[in-house]
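Protein chains: 2
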Amino acid sequence: MLSSTAKYALRAVLYLAEHGEDEPLQVGLIADALGIPRNYLSKILHELARSGVLVSARGKGGGFRLVAPPQAVPLLSVVEVFDQFNGNRRCLLGREECSDHSPCAAHVHWKTLSEQISMFFRDTTVADLLGHDPPTVPGLAEGGKP
Amino acid sequence: MLSSTAKYALRAVLYLAEHGEDEPLQVGLIADALGIPRNYLSKILHELARSGVLVSARGKGGGFRLVAPPQAVPLLSVVEVFDQFNGNRRCLLGREECSDHSPCAAHVHWKTLSEQISMFFRDTTVADLLGHDPPTVPGLAEGGKP
DNA sequence: AGTAAAGATCATATTAACATGAGAATAACG
DNA sequence: CGTTATTCTCATGTTAATATGATCTTTACT
């Protein structure tokens with residue numbers, strides 16, 4: 004559904020929302036916590052900063068923070084920085100021009116679901132995902148229920 | 004949503020359902036009609052044959068045919084040959100192990116849509132997509148309304 | 001001013017998807 | 001049996017995503 008870059012971005016933003024309320028968090032910290040390659044995450048966070056989702060501070064004491072409160076950050080604003088959701092991404096058969104006006108064979112069947120997916124990313128916010136099992140390093144055991 | 008390989012496969016299967024009822028169709032014919040690289044489509048159709056969706060006949064008069072009638076071919080049986088729909092494909096954040104039992108942060112929010120997507124590919128058949136604007140070469144003008 | 005801690009940037013490597021080209025294997029048919 | 005039309009297979013090329021490593025730049029603090 005999402006590129007691994009977009010997944011990294013989402014997980015990092017969630018981590019910032021949960022742990023970065025008071026002070027900026029460093030790339031290395033987030034990368035270690037989530038098991039994401041450091042320099043790769045660095046570039047991802049940098050792009051999120053360029054896109055206005057995060058702010059970055061260089062130098063000692065620097066790091067990344069969310070610009071807006073989690074309730075004001077739809078998943079789409081994170082994900083669209085890396086994955087295209089426009090045009091032929093929406094057409095199941097990959098036609099450049101696929102619309103109600105000029106539909107592909109699957110158009111009427113796929114349309115509803117496709118719109119629901121768009122709505123999901125537009126309407127779900129980072130805050131909606133907080134308070135659940137926080138995303139940690141995938142494949143790392145996680146002692147459970149007392 | 005789908006890899007371009009899976010899209011090619013879907014479009015080719017649709018073409019076979021519409022034009023290959025009486026006789027097997029040749030790779031070159033389908034490739035030309037749909038604007039898909041010939042040898043690439045050849046491999047795709049071969050894999051669909053190995054997977055039991057198509058039958059192939061070599062030699063003169065050969066080509067490809069659907070094994071079952073279009074009503075009996077769910078889109079999933081075409082698509083799953085190329086794109087994985089299992090495991091972490093279903094998890095929005097890319098966790099290997101993401102389930103009701105061990106959910107990621109997005110699990111409860113994404114679950115419903117994810118299941119609807121699965122259902123779509125399982126319940127929609129090739130026959131459902133017939134009788135609409137047939138998929139042709141993308142980006143090719145298509146003389147329209149009289 | 002010097003130093004350490006951070007992000008920013010550049011060059012390069014790795015991998016998988018997508019694609020092309022040439023030829024081998026198979027089958028029909030005269 | 002040879003010719004021709006077709007799929008099948010292998011080798012290779014191209015491109016984009018993913019990842020790594022080295023170095024540059026900025027900032028806070030002493």
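In the order they appear, the protein sequences are chains D and Z. Quick note, our numbering runs 3 ahead of the 1-based positions in the first sequence. Quick note, our numbering runs 3 ahead of the 1-based positions in the second sequence. Backbone N, C-alpha and C define an ideal beta-carbon position, used for all residues, glycine too. Please read these numbers as outputs of a predicted model, since none were measured by experiment.
- Query: Does the separation of the CB atoms of D/A12 and D/V111 fall below 8 Å?
  - Reply: no
- For chain D, find out if any of its Cβ atoms is closer than 8 Å to the Cβ of Z/K46; answer yes or no. no
- Message: Going by DSSP, what residue range makes up the beta strand (DSSP E) through Z/V58?
- Response: 57–60
- Query: Can you find a CB in chain D that lies within less than 8 Å of the CB of Z/A36?
  - Reply: no
- Message: Within 8 Å of any Cβ in chain Z, is that where the Cβ of D/D126 sits?
- Response: no
- Only counting runs of 3 or more residues, tell me where the beta strand (DSSP E) segments fall wholly within the stretch 23–81 of chain Z, in order along the chain. 57–60, 66–69
- Query: Counting Cβ pairs closer than 8 Å, one from the stretch 86–101 of chain Z and one from the stretch 34–53 of chain Z, do we hit at least three?
  - Reply: no
- Listing by chain order, which chain D residues have their CB less than 8 Å from the CB of Z/S7? G97
- Message: For a cutoff of 8 Å on Cβ pairs, would you count Z/R14 as touching chain D?
- Response: yes
- Please work out which residues of its chain come closer than 8 Å, Cβ to Cβ, to D/F88, disregarding the five sequence neighbours upstream and downstream, and give them in chain order. L79, V82, S121, F124
- Measure from the alpha carbon of Z/S54 to the alpha carbon of each residue in Z/A71, Z/R61, Z/A34, then state which is nearest. Z/A71
- Name, in chain order, the residues that DSSP records as bridge partners for D/T8. Paired residue(s): none; D/T8 is not in a bridge.
- Message: By the 8 Å beta-carbon criterion, what residues does the stretch 50–75 of chain Z contribute toward chain D?
- Response: none
- Task: Drop a sphere of 10 angstroms on the beta-carbon of D/A60, count the other beta-carbons inside from all chains shown, and report buried for 16 or more, exposed for fewer.
- Result: exposed
- Query: If you check the beta carbons only, do D/P27 and D/G65 fall under 8 Å apart?
  - Reply: yes
- Within this structure, are the beta carbons of Z/A34 and Z/Y18 separated by less than 8 Å? no
- Helix, strand or coil for D/T128 per DSSP? strand
- By Cβ distance, which residues of its chain are closer than 7 Å to D/L132, with the 5 residues on each side in sequence left out? L17
- Message: Below 7 Å on C-beta distance, what does D/I120 contact in chain Z?
- Response: L116
- Task: Specify the secondary structure class of D/R93 as computed by DSSP and reduced to three states.
- Result: coil
- At 8 Å on the CB atoms, spell out the chain D contacts of Z/L32, in chain order. Those do not exist, as Z/L32 stays about 18 Å from chain D at its closest Cβ, beyond 8 Å.
- How many angstroms separate the CA atom of Z/Q119 from the CA atom of Z/A15? 25 Å
- Taking 8 Å as the CB-CB cut-off, is D/D25 touching chain Z? no
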